[in-house]
Amino acid sequence: MVLLTIMVLGAATLLVTQLNRFSGSLARDQRTMLALADAKAALIGWAASHPQRPGLLPFPDQNSDANYDGNSECPSPVNLSHLTGRLPGLAYPCTDPRAGLGVEPLDGYSEPLWYSVSSNLIYDGSYPVINSELRDKPNNWITVRDGSGAVLSDKVAAVIIAPGKPLGGQSRAGAAPAIGNYLDSAIAVAATYSNSDLDLDFIAAQPNSSFNDRLIYITIDELLNQVERVIVRRVRLCLAAYAGVSGGKYPWAAQLDGSAAPEYTGDFGRNFGRIPEALNIDATPGSPDAAMQPTWNCLTSLPYWVNWRELIFYEVATGYQPGSGATCPACLILDGTGSQPFVIMLAGKALAGVGQQRTTDLDKGNLNNYLEGDNADGDANFENQPVSAAFNDQVF
Ligand SMILES: [Ca+2]
Ligand SMILES: [Ca+2]
Ligand SMILES: [Ca+2]
Ligand SMILES: [Ca+2]
25 MVLLTIMVLG AATLLVTQLN RFSGSLARDQ RTMLALADAK AALIGWAASH
75 PQRPGLLPFP DQNSDANYDG NSECPSPVNL SHLTGRLPGL AYPCTDPRAG
125 LGVEPLDGYS EPLWYSVSSN LIYDGSYPVI NSELRDKPNN WITVRDGSGA
175 VLSDKVAAVI IAPGKPLGGQ SRAGAAPAIG NYLDSAIAVA ATYSNSDLDL
225 DFIAAQPNSS FNDRLIYITI DELLNQVERV IVRRVRLCLA AYAGVSGGKY
275 PWAAQLDGSA APEYTGDFGR NFGRIPEALN IDATPGSPDA AMQPTWNCLT
325 SLPYWVNWRE LIFYEVATGY QPGSGATCPA CLILDGTGSQ PFVIMLAGKA
375 LAGVGQQRTT DLDKGNLNNY LEGDNADGDA NFENQPVSAA FNDQVF
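Under the numbering used here, the first residue of the sequence shown is numbered 25, with each subsequent residue one higher.
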């Protein structure tokens with residue numbers, strides 16, 4: 025009886041110990057997943073809210089300065105080996121200095137996170153052109169694979185990696201151990217992929233005794249979806265600034281007639297076109313446009329605007345055009361809902377499947393190379409649709 029009791033108690037203790045170990049690793053896993061999600065949100069927020077270059081991503085914190093102090097390194101010239109390191113929580117002291125992400129999430133083993141960024145989104149002596157067309161750029165994206173080697177995405181803007189605890193052969197003693205003491209490699213069928221070899225290939229294998237990295241990534245689509253919202257919000261603020269001093273009316277649109285290069289000066293009497301950078305200069309003296317002209321510079325002063333201005337369209341309802349009563353009826357209808365004083369249309373990338381091209385000045389003057397469906401037919405109705413090979417406008 026005593027022996028049986030001892031055996032039962034022993035078995036129960038073993039079970040409890042194993043359960044604790046299991047729930048302990050579950051809790052660590054949960055902390056790691058939360059840290060990765062926090063870091064992803066912070067990184068997208070940092071990039072999208074960039075005051076000068078929305079979408080720009082920071083350089084990582086590397087050990088070339090013998091520390092991991094939370095500050096981005098500012099390499100010049102840039103090569104691939106500069107693009108993987110620690111997530112920069114503290115500061116971005118490079119061109120246009122800013123604070124870093126403002127968060128330094130730790131994984132389930134209290135380790136800081138690592139980060140790799142595509143060269144398509146960093147400053148390399150000049151700023152990258154970041155707009156909707158970047159979705160189609162063919163090269164220099166990061167590829168992330170699963171444990172079988174299958175590609176999860178080959179349009180990755182940034183990958184964030186939780187290193188986990190040190191594995192066999194790794195040592196994290198000293199001020200700034202090399203990346204290979206944190207990040208691992210895994211064999212996927214015939215090929216080995218390493219997360220520490222400073223290239224564009226990363227692997228998200230299942231954890232085992234020789235691999236315990238956990239990954240999350242941001243595709244260029246995910247990043248641009250947020251950046252585009254920021255751009256449209258800033259355009260809307262600019263139009264609101266006009267309305268604020270013109271009795272609620274909105275400016276004339278800039279020329280778009282399919283026969284000439286795009287222009288960005290408001291066109292007297294034009295309700296549909298691009299966002300005006302300068303107001304119509306042939307308005308009669310004393311008109312709202314003439315009154316606004318000296319202060320209308322809310323977009324051209326923004327360094328990124330030149331990359332977006334070709335892709336953003338605008339219609340003002342006749343009820344809200346300069347000289348109007350600033351009232352409906354005669355307003356616009358978006359997705360079946362009326363009474364819109366104006367709509368802003370973000371064209372998205374050129375859709376080759378419907379013959380859109382934007383090479384020549386003539387192409388750029390043709391509405392059909394940008395907008396689709398109910399947005400391209402010249403009436404007062406506008407629509408959003410799920411993104412497809414034949415439709416990618418976003419209307420606000
Ligand atoms: Ca450093
Ligand atoms: Ca690891
Ligand atoms: Ca690699
Ligand atoms: Ca479009």
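Every residue gets a Cβ at the ideal spot worked out from N, C-alpha and C, and that includes glycine. For clarity, every value in this text was computed on a predicted model and none was experimentally measured.
Beta-carbon proximity of residue i to residue j, cut-off 8 Å
{"i": "F83", "j": "P99", "result": "yes"}
{"i": "L335", "j": "L358", "result": "no"}
{"i": "S49", "j": "L107", "result": "no"}
{"i": "D131", "j": "A59", "result": "yes"}
{"i": "A413", "j": "G379", "result": "no"}
{"i": "P327", "j": "R52", "result": "no"}
{"i": "L323", "j": "D223", "result": "no"}
{"i": "Y133", "j": "L80", "result": "no"}
{"i": "R110", "j": "W70", "result": "no"}
{"i": "Q364", "j": "L356", "result": "yes"}
{"i": "P300", "j": "K388", "result": "no"}
{"i": "F226", "j": "V175", "result": "no"}
{"i": "K373", "j": "E97", "result": "no"}
{"i": "D403", "j": "A284", "result": "no"}
{"i": "A350", "j": "G272", "result": "yes"}
{"i": "N392", "j": "R382", "result": "no"}
{"i": "N219", "j": "I185", "result": "yes"}
Per-residue DSSP class, three states only, for residue i
{"i": "V141", "result": "strand"}
{"i": "D306", "result": "Reliability fails at D306, whose pLDDT of 48 lies under 50, so the model's placement of it is uncertain and no value is given."}
{"i": "L248", "result": "helix"}
{"i": "S234", "result": "coil"}
{"i": "Q76", "result": "coil"}
{"i": "K179", "result": "strand"}
{"i": "D160", "result": "helix"}
{"i": "Y266", "result": "helix"}
{"i": "S422", "result": "The chain is shown only over 25 to 420; residue 422 falls outside these bounds and no answer can be derived."}
{"i": "Y394", "result": "coil"}
{"i": "Q364", "result": "strand"}
{"i": "A354", "result": "coil"}
{"i": "T56", "result": "helix"}
{"i": "I166", "result": "strand"}
{"i": "A115", "result": "strand"}
{"i": "R294", "result": "coil"}
{"i": "R258", "result": "helix"}
{"i": "V411", "result": "coil"}
{"i": "A200", "result": "coil"}
{"i": "A374", "result": "coil"}
{"i": "A278", "result": "strand"}
{"i": "N399", "result": "helix"}
{"i": "N155", "result": "coil"}
{"i": "D385", "result": "helix"}
{"i": "A66", "result": "helix"}
{"i": "S49", "result": "helix"}
{"i": "Y344", "result": "helix"}
{"i": "A284", "result": "coil"}
Beta-ladder partner(s) of residue i, from DSSP
{"i": "G110", "result": "As written in the sequence, residue 110 is Arg, which differs from the Gly given in the question. Its beta-bridge partners are D85, W138."}
{"i": "M369", "result": "F337, V419"}
{"i": "L130", "result": "P136"}
{"i": "S6", "result": "The displayed coordinates of the chain run from 25 to 420. Any statement about residue 6 would go beyond what the structure contains."}
{"i": "L239", "result": "I185"}
{"i": "T324", "result": "Bridge partners of T324: none, in fact."}
{"i": "D225", "result": "T167"}
{"i": "T289", "result": "A302"}
{"i": "N91", "result": "Answer is none; N91 lacks a bridge partner."}
{"i": "A123", "result": "A115"}
{"i": "N405", "result": "I357"}
Legend entry - Touching by the beta-carbon criterion (3+ pairs, under 8 Å), the stretch 273–286 and the stretch 336–345: yes
Inset, instruction - May I have all residues whose beta carbon comes closer than 5 Å to any heavy atom of ligand 2, sorted in chain order? - result: P187, G188, D208, N236, D237
Inset, instruction - Please determine if the stretch 255–271 and the stretch 164–171 are in contact, where contact requires at least 3 C-beta pairs separated by less than 8 Å. - result: no
Inset, instruction - Any chance you could list the residues with Cβ under 6 Å from a heavy atom of ligand 1, keeping chain order? - result: D85, Q86, N87, D89, N91, Y92, D93, E97
Inset, instruction - Inspect the CB distances between the stretch 244–263 and the stretch 184–197 and report whether three or more fall short of 8 Å. - result: no
Inset, instruction - Considering only heavy atoms of ligand 3, list every residue whose Cβ is less than 6 Å from one of them, following chain order. - result: Y217, S218, N219, D221, D223, D225, F226
Legend entry - Sufficient close CB pairs (3 or more, under 8 Å) joining the stretch 362–377 to the stretch 389–404: yes
Inset, instruction - Would you check if the stretch 66–74 and the stretch 122–130 touch, i.e. whether three or more CB-CB distances between them fall below 8 Å? - result: yes
Inset, instruction - Spell out a yes or no on whether the stretch 193–201 and the stretch 111–119 are touching, meaning 3 or more CB-CB pairs, one atom from each, closer than 8 Å. - result: no
Legend entry - Segment contact flag, the stretch 227–244 with the stretch 204–215, C-beta cutoff 8 Å, min 3 pairs: yes
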